[in-house]
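Note sheet for the following structure.
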Amino acid sequence: MTAAPSRNEDDVLSARDLYRFYRAGEEETLALRGVSLQVRRGETVAVVGPSGAGKSTLLACLAGLDEPSGGEVRVDGVRISHRPETERARLRARHVGVLLQTRNLLPHLSVRNNIRLAQRAVRGRPAVTAEALLEQVGIGHRGRALPRQLSGGELARAGLAVALANSPAVLLADEPTGELDGESEQLVLRLLRDRALDGSAVLIVTHSAEAVRVADRVVALSDGRAQETGRKETSHVLR
Ligand code: ADP
26 MTAAPSRNED
36 DVLSARDLYR
46 FYRAGEEETL
56 ALRGVSLQVR
66 RGETVAVVGP
76 SGAGKSTLLA
86 CLAGLDEPSG
96 GEVRVDGVRI
106 SHRPETERAR
116 LRARHVGVLL
126 QTRNLLPHLS
136 VRNNIRLAQR
146 AVRGRPAVTA
156 EALLEQVGIG
166 HRGRALPRQL
176 SGGELARAGL
186 AVALANSPAV
196 LLADEPTGEL
206 DGESEQLVLR
216 LLRDRALDGS
226 AVLIVTHSAE
236 AVRVADRVVA
246 LSDGRAQETG
256 RKETSHVLR
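According to my numbering, the residues represented by the sequence shown are 26 to 264, in order.
Okay, here's the thing in structure tokens:
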């Protein structure tokens, strides 16, 4: 399937004909069967689908955390697939923010030092300070706290601050609102939307009806194949 076939300069995230096989003994699973999708600057795309559809595999391939068996992934115009692990890690640090379900914070570091650690993976001076990032996500006063000292909502915001540490062109989020109450969910979705409006390409793997509501487009994965469920005229405006 092709969610949006033509390649365009504004396509900051672009996946072409992705395949991913897993082999365990005699058994072979085809987790992705020719998935293509593009996300433009300024766009928020929701990826939905039942358990086992291939969502986590797709996100890992898009982030360069995993290698597709076939096909190609480009972020910010640069191919990230089919490269050695160290190169993928370098490209990911520079171009991709990843917000994972199991939060992307190291437990023994303060929130502020988690952000600084992410920034150290990229050469040069960060475009934004850890303090400014914490302010942006609304937890400016929690920089010194350890992850375990934060509430669920604060933890989600801290994870987002780490994902945004290097002002990535592409932001990928795996179930970012899965464990949050309604208010925190609204807040995290608003921050993700704001990021897209600031010019990033945002892709959210989600089961949340609210996340689907705020997305510009929805891509449905089923049995390793993707189908665009239609471009929305306007996305729902968050409170
Ligand atoms: P989802 O995130 O939509 O639940 P996944 O991407 O986790 O789906 O899984 C897609 C398919 O690939 C499933 O059939 C799953 O069992 C299989 N799969 C995922 N990871 C592995 C792995 N490391 N080894 C073997 N099979 C896997």
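Idealized CB from N, CA, C, for every residue including glycine. Just so you know, these numbers come straight off a predicted model, no measurement behind them.
Assigned exposure category for residue i - 16 Cβ within 10 Å defines buried
i: His133; result: exposed
i: Asp206; result: exposed
i: Gly149; result: exposed
i: Leu222; result: exposed
i: Pro201; result: buried
i: Arg117; result: buried
i: Glu110; result: exposed
i: Arg218; result: buried
i: Val103; result: exposed
Rounded straight-line distance, which links the Cα of residue j to that of residue i
i: Ala40; j: Pro93; result: 10 Å
i: Asp248; j: Gly77; result: 7 Å
i: Val153; j: Ala251; result: 36 Å
i: Ile164; j: Arg220; result: 17 Å
i: Gly168; j: Leu125; result: 20 Å
i: Val64; j: Leu175; result: 32 Å
i: Glu210; j: Glu160; result: 18 Å
i: Leu130; j: Asn139; result: 6 Å
i: Arg264; j: Glu52; result: In this prediction, Arg264 scores a pLDDT of 46, lower than 50, which makes its location untrustworthy; the coordinate-derived value is nonetheless stated afterwards. In a straight line, the C-alpha of Arg264 is about 48 Å away from that of Glu52.
i: Ala194; j: Leu214; result: 17 Å
i: Arg48; j: Asp91; result: 15 Å
Within 8 Å, strictly: CB atoms of residue i and residue j
i: Ala186; j: Val70; result: no
i: Ala226; j: Val37; result: yes
i: Val162; j: Arg182; result: yes
i: Arg58; j: Cys86; result: no
i: Gly89; j: Leu189; result: no
i: Ser192; j: Ala170; result: no
i: Leu196; j: Leu83; result: no
i: Val244; j: Leu43; result: no
i: Gly178; j: Leu228; result: no
i: Arg242; j: Glu68; result: yes
Any non-hydrogen atom of the ligand ADP closer than 7 Å to residue i Cβ
i: Gly96; result: no
i: Ala78; result: yes
i: Ser135; result: no
i: Gly74; result: yes
i: Ala40; result: no
i: Ser61; result: no
i: Ser225; result: no
i: Tyr47; result: yes
i: Thr231; result: no
i: Ser247; result: no
Exercise for review: May I have a chain-ordered list of the beta strand (DSSP E) segments no shorter than 3 residues that lie completely inside the stretch 34–67?
Suggested key: 36–49 and 52–65
Q) Which full runs of the beta strand (DSSP E) of 3+ residues lie inside the stretch 98–129, going along the chain? A) 121–124
Query - Ordered list of beta strand (DSSP E) runs contained in the stretch 190–238, each at least 3 residues - result: As far as the stretch 190–238 is concerned, its whole beta strand (DSSP E) runs of at least 3 residues are 195–199 and 226–230.
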